[in-house]
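Visitor: Protein chains in written order, with my numbering: chain A, 401 to 951; chain B, 32 to 347.
Where is the CB? At the ideal position from N, CA and C, for every residue including glycine.
Following this message is one structure expressed as structure tokens.
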């Protein structure tokens, strides 16, 4: 630490990965931030000034709570996150800490992960939380017929093997590897992975990995037994979701929550579409909102309350399928990338917050981000490449990008800005706007599309999910043995500094292949009333209100 | 008359059968089944499913049953009062529909209660003397408000009365229970949008009646002007607006979706929009049947009313 080889946040992260309690890690790092101060707790430090009791009213889309393993939206996970909990928790500072797992150990080869579960954790029905419950959940997630997105995560993909058979579309059929997850004893669970995975703790806070009681049957809303501090009191989809503090277990005993102080008595989610949440806040209907769009920021500034802008790795990839003409020509892809000024687009769309992205899908917020030289727009260079590829003024390059605005109208704004910039290089870009649900049907099939990717705590995670050869979410059809090997190498490196050095190759390889124009890492905006304290600005909009209180 | 009503009801049943069949055909397509899968599981998860897993998921939702079987089951359940289950809301469609219809009914009631007297009064005042200052002022106000789209009126009213003066709530989600104040802005928006149309119809009708021979005769006979207007002109002048007003029922049921969504008022139109975006087939089916029923019913009421108001119309 004296040599300042790694930052304080990186040190705390490594310590957390190694199972060192957060307070101890921060102490070793030589500082005591407000966050993660409580003894071995993933939550912020208790607030001596906190007022206990009260209701927090939040505007958000209220969705059904069917099967947490198949949740498709962060909103439904937010309704559930106060009831069911996770083995690990990634905090607003993007550091992952133990939650229901008290600590973990990892083997040198990153293939064997051992989780020591927290003792004394009770379910709402009075049962003790034990290792078999974790095994039950992991096995459920691995059942391909369940349709859980967890299967796509690196950790769980490394628990599956191909059967040798193929389905009707020629995709390999997979099954769980025998012994991939095992209960070592009542409070120890071990994951035996087929390949090294770095992001196991981070994957365990991905929203469909909430730990459900072994008696669980869908829908969760009919009998939501959890370990969290709140229970579901009322759910009316499209109307409201009311959560109330658990004080007694189902068998009448006092419920002592393992996570310490929780200040709120109730959390009320009220259904407001995203466009209407800020107006609902302005009208005094709610104390906080899920999100408001950047277009509404001037209105937000005019309102009494605190605007919270979370720095994230949420992004838009205007990507090309590298095996589809005309994008199968590297010169064309490079010309497209060269014709665009990412920094100018970021400035146009998110002038006050956010980060400029660099077409390699690793964000400055990621611990292993390697700062490559800034990208520069080169219109003349783009024209020269196009000429080489057979395009000129008499035969201009004409392409169409599909846009679903799945994350808001800013997607379209970005594409329109790209279109205007490309004109200077003689490229004619048409924008095909479609409804969000329609876009999700073609997102991995269209030759050129604008796809939103959510925040992931590590830089390697999105790369592993989206750019490895043949992975299900490889929407660009990018296939490079060199890239895969470089990413393997980076992912097998536990410590941040050496991994960052290896990320230089990974990022450069992807950037040079020009598979996408990725102009911005967007901020996430929300607003809270001044009477609300401790409201977290999480980069994935995950709500964890344990230490939130209202005056 | 009875024959007319029976014929209209038969037409209604036929339309319902055709519409429900067509909707079922559309929503039975692979495309719409995929839409439900994407809405339920998310685009990323669906793309990770193998064909076999996707089929298993369809089976778990009952979407793998052959079309004719699903349609027959739905029809059989319909006759027993079971409208099916909502995929999106995870609740019985009948209860959801009843709730939303009640909310829209309350909204429609207050819109009618305010709009009809205002529109008729202004229309009559304008039509009594065509080209007079009162006619011009009324016509300008009517055209002005009707020309502004509902969404613009809603925004302007919200900015003035909710965000500016803070007299009224900005949204009508009724999160703290039923609150009449939350109904004021949506009702105002709809009344402002709609009254002009009815007023213009009334004005045109009144103006036409006022130029007719029997009114001129009545005036020349020396009957006081007020009596001529109230006793002789008004009844005939109300025939056309009556038809228009009854047909507004249709609009208030499913045409006010913009206002319901803007104010987050949980009405029938908002329900139908959400169901369409999700691909929630049983909600769409039930909503469509209700919309057809109200459309036909409003036409029947309009026909019957027209008969009573216009002595020249008689049914054999």
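Counting contacts by CB-CB distance shorter than 8 Å, is residue 66 of chain B in contact with chain A?
Guide: Position 35 of the second chain holds residue 66 of chain B. Yes, contact with chain A.
Visitor: Please decide whether residue 305 of chain B counts as near chain A, where near means a Cβ-Cβ distance under 8 Å.
Guide: The count along the second chain starts at 1 and reaches residue 305 of chain B at position 274. Closer than 8 Å: yes.
Visitor: Can you tell me where the alpha helix (DSSP H) holding residue 820 of chain A begins and where it ends?
Guide: Taking the first chain and counting its residues from 1, the one referred to as residue 820 of chain A is at position 420. First-last of the alpha helix (DSSP H) with residue 820 of chain A: 810 to 823.
Visitor: Chain A partners of residue 120 of chain B, CB-CB under 7 Å?
Guide: Mapped onto the second chain, residue 120 of chain B falls at position 89. Near residue 120 of chain B (Cβ distances below 7 Å), the residues of chain A are 464, 637, 638.
Visitor: Using a Cβ-Cβ cut-off of less than 7 Å, list which residues of the region 829 to 863 of chain A approach chain E; keep chain order.
Guide: Structure shown: chain E not included; protein chains present are A and B.
Visitor: Kindly list the residues whose CB is nearer than 7 Å to the CB of residue 546 of chain A, restricted to its own chain and excluding five residues on each side of it in sequence; keep chain order.
Guide: Translated into positions along the first chain, residue 546 of chain A becomes position 146. Here the set comprises 469, 470, 540.
Visitor: Does residue 33 of chain B come within less than 8 Å of chain A when only Cβ atoms are used?
Guide: Your numbering for residue 33 of chain B matches position 2 in the second chain. Closer than 8 Å: no.
Visitor: Could you tell me the distance, in whole angstroms, from the CA atom of residue 858 of chain A to the CA atom of residue 762 of chain A?
Guide: Within the first chain, numbered from 1, the residue matching residue 858 of chain A stands at position 458. Within the first chain, numbered from 1, the residue matching residue 762 of chain A stands at position 362. One C-alpha to the other measures close to 8 Å.
Visitor: Can you list the alpha helix (DSSP H) stretches of 4 or more residues lying completely in the region 858 to 898 of chain A, in chain order?
Guide: The qualifying runs are 859 to 866, 881 to 891.
Visitor: Report the neighbours of residue 88 of chain B on chain A: residues whose CB is nearer than 8 Å to its CB, in chain order.
Guide: Position 57 of the second chain holds residue 88 of chain B. Correct list: 545, 547.
Visitor: Between the region 884 to 899 of chain A and chain B, which residues of the former have CB atoms less than 9 Å from a CB of the latter, in chain order?
Guide: Under the 9 Å Cβ criterion, the region 884 to 899 of chain A contributes no residue.
Visitor: Taking DSSP's pairing of strands, which residues face residue 583 of chain A in a bridge?
Guide: As a first step, residue 583 of chain A is located in the first chain; it is residue number 183 there, counting from the start. Answer is A:589.
Visitor: Report the neighbours of residue 472 of chain A on chain B: residues whose CB is nearer than 7 Å to its CB, in chain order.
Guide: Taking the first residue of the first chain as 1, we reach residue 472 of chain A at position 72. In chain order: 71, 72, 73, 76.
Visitor: Does DSSP put residue 229 of chain B in a helix, a strand or coil?
Guide: Stepping through the second chain from its first residue, residue 229 of chain B is reached at position 198. In the structure shown, residue 229 of chain B sits in a helix (DSSP, three-state: H, G or I).
Visitor: Starting from residue 625 of chain A, find everything on chain B with Cβ-Cβ shorter than 9 Å and list it in chain order.
Guide: Position 225 of the first chain, counting from 1, holds the residue named residue 625 of chain A. By Cβ distance, chain B contributes nothing, its closest Cβ being about 18 Å from residue 625 of chain A, past 9 Å.
Visitor: Around the C-beta of residue 788 of chain A, are 16 or more other C-beta atoms found within 10 angstroms, so that it is buried, or is it exposed?
Guide: On the first chain, position 388 is the one that residue 788 of chain A refers to. Classification of residue 788 of chain A: exposed, given that the 10 Å Cβ count is below 16.
Visitor: Looking at residue 324 of chain B: is its Cβ nearer than 8 Å to the Cβ of residue 43 of chain B?
Guide: Position 293 of the second chain holds residue 324 of chain B. Position 12 of the second chain holds residue 43 of chain B. Contact: yes.
Visitor: Quick one: what does DSSP say residue 952 of chain A is sitting in, helix, strand or coil?
Guide: Only positions 401 to 951 of chain A appear in this structure, which leaves residue 952 of chain A out of reach.
Visitor: Under a Cβ-count criterion, where at least 16 other Cβ atoms within 10 Å of its own Cβ denotes burial, should residue 299 of chain B be classed as buried or exposed?
Guide: Numbered from its first residue, the second chain carries residue 299 of chain B at position 268. The residue is buried, with at least 16 neighbouring Cβ atoms inside 10 Å.
Visitor: Would you list, in sequence order, the uninterrupted alpha helix (DSSP H) runs of no fewer than 4 residues that lie entirely inside the region 719 to 754 of chain A?
Guide: Counting only runs of 4 or more, we get 730 to 738, 742 to 749.
Visitor: Helix, strand or coil: how does DSSP classify residue 328 of chain B here?
Guide: Indexing the second chain from 1 puts residue 328 of chain B at position 297. Helix, per DSSP.
Visitor: With 9 Å as the limit, tell me which residues of the region 278 to 309 of chain B have their beta carbon closer than that to any beta carbon of chain A; keep them in chain order.
Guide: Hits within the stretch, in order: 292, 293, 294, 295, 297, 301, 302, 305, 308, 309.
Visitor: For residue 41 of chain B, count neighbouring Cβ atoms within 10 angstroms of its own Cβ and tell me buried if that reaches 16, exposed if not.
Guide: In the second chain, counting from the first residue as 1, residue 41 of chain B sits at position 10. By the neighbour-count rule (16 or more Cβ atoms within 10 Å), residue 41 of chain B is not buried but exposed.
Visitor: Run the CB neighbour count on residue 903 of chain A, radius 10 Å, all protein chains shown included, and call it buried at 16 or more, exposed below.
Guide: To locate residue 903 of chain A, count along the first chain from 1; it is residue 503. Classification of residue 903 of chain A: buried, given that the 10 Å Cβ count is 16 or more.
Visitor: Please look up how many angstroms separate the CB atoms of residue 759 of chain A and residue 443 of chain A, rounded, as I've assumed it's under 8 Å.
Guide: Translated into the one-based positions of the first chain, residue 759 of chain A becomes position 359. Translated into the one-based positions of the first chain, residue 443 of chain A becomes position 43. With 8 Å as the limit, residue 759 of chain A and residue 443 of chain A do not qualify as a contact, their Cβ atoms being about 37 Å apart.
Visitor: Run through DSSP, which three-state label would residue 636 of chain A get?
Guide: Here residue 636 of chain A is taken as the residue at index 236 of the first chain, counted from 1. Correct three-state label for residue 636 of chain A: strand.
Visitor: Of the residues A:899, A:566, A:518, A:520, which one's Cα is nearest the Cα of residue 770 of chain A?
Guide: Reading the first chain from its first residue, position 370 is the one you call residue 770 of chain A. Among A:899, A:566, A:518, A:520, the Cα nearest to that of residue 770 of chain A belongs to A:899.
Visitor: Per DSSP, which residues does residue 572 of chain A bridge with? Please list them.
Guide: Taking the first residue of the first chain as position 1, residue 572 of chain A is located at position 172. According to DSSP, which records beta bridges pairwise, residue 572 of chain A is partnered with A:566.
Visitor: Quick check: residue 67 of chain B and residue 318 of chain B, are their CB atoms within less than 8 Å of each other?
Guide: Translated into the one-based positions of the second chain, residue 67 of chain B becomes position 36. Translated into the one-based positions of the second chain, residue 318 of chain B becomes position 287. No, they are not a contact pair.
Visitor: Indicate the three-state DSSP secondary structure (helix, strand or coil) for residue 929 of chain A in the structure shown.
Guide: Counted from its first residue, the first chain places residue 929 of chain A at position 529. DSSP places residue 929 of chain A in coil when its eight states are reduced to three.
Visitor: When the cut-off is 8 Å and only beta carbons count, does residue 189 of chain B lie next to chain A?
Guide: What you label residue 189 of chain B is simply residue 158 of the second chain in a count that begins at 1. With 8 Å as the cut-off, residue 189 of chain B counts as an interface residue toward chain A.
Visitor: Express the C-alpha separation of residue 740 of chain A and residue 778 of chain A in angstroms, rounding to a whole number.
Guide: In the first chain, the residue the question calls residue 778 of chain A occupies position 378. In the first chain, the residue the question calls residue 740 of chain A occupies position 340. Whole-angstrom Cα-Cα distance: 8 Å.
Visitor: Would you list, in chain order, the members of the region 175 to 203 of chain B that have their beta-carbon closer than 9 Å to a beta-carbon of chain A?
Guide: Within the region 175 to 203 of chain B, the residues whose Cβ lies closer than 9 Å to some Cβ of chain A are 189, 193, 194, 197, 199, 200, 201, 202, listed in chain order.
Visitor: Quick one, which of A:942, A:813, A:840, A:829 has its alpha-carbon nearest residue 478 of chain A's?
Guide: Looking up residue 478 of chain A in the first chain gives position 78. Residue 478 of chain A has its Cα closest to that of A:942, out of A:942, A:813, A:840, A:829.
Visitor: What first and last residue would you give for the beta strand (DSSP E) that runs through residue 85 of chain B?
Guide: One-based indexing of the second chain puts residue 85 of chain B at position 54. No beta strand (DSSP E) holds residue 85 of chain B; the alpha helix (DSSP H) holding it covers 82 to 91.
Visitor: Look up residue 952 of chain A in the DSSP assignment and give the residues it is bridged to.
Guide: Absent from the model: residue 952 of chain A. The displayed extent of chain A is 401 to 951, so no value can be given.
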